[in-house]
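In case it helps, this note's numbering puts the sequence shown at residues 11 to 96. Every residue, glycine too, gets a C-beta built ideally from N, C-alpha and C. Some notes on the structure that comes next.
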Amino acid sequence: MVLQHHERLNGSGYPNNLKGDEILPEARILGVADVVEAMSSHRSYRPALGIDKALEEISRNKGTLYDPKAVDACLRLFEEKGFKFE
11 MVLQHHERLN
21 GSGYPNNLKG
31 DEILPEARIL
41 GVADVVEAMS
51 SHRSYRPALG
61 IDKALEEISR
71 NKGTLYDPKA
81 VDACLRLFEE
91 KGFKFE
């Protein structure tokens with residue numbers, strides 16, 4: 011599952027260029043969570059981009075790169091449930 015968390019629905023991910031149903035559902039969830047956390051957090055090579063940019067990224071690429079159900083669940087956590095990184 012962890013091995014697949016950088017795979018993308020359209021096959022553009024890595025390490026195995028898996029696509030669609032070849033990617034475990036759990037890996038699809040982890041992939042969305044990873045993108046949101048990575049974009050929202052400071053990295054040694056760039057400042058944090060913020061949660062708004064992260065949510066925009068997953069929304070814009072929903073169904074292309076990211077699993078629609080995982081994206082919808084993530085958006086609900088932040089927009090409806092008030093989840094925040096602290």
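Looking at the DSSP output, TYR76 bridges to LYS72. If you draw a 10 Å sphere on the C-beta of ARG38, you find 16 or more other C-beta atoms in it, and that means buried. When ASP77, GLY23 and ASN20 are compared, the shortest CA-CA separation from ALA43 is found for ASP77. One Cα belongs to PHE93, the other to LEU87, and the distance between them is close to 6 angstroms.
Between ALA64 and VAL81, the CB-CB gap reaches or exceeds 8 angstroms.
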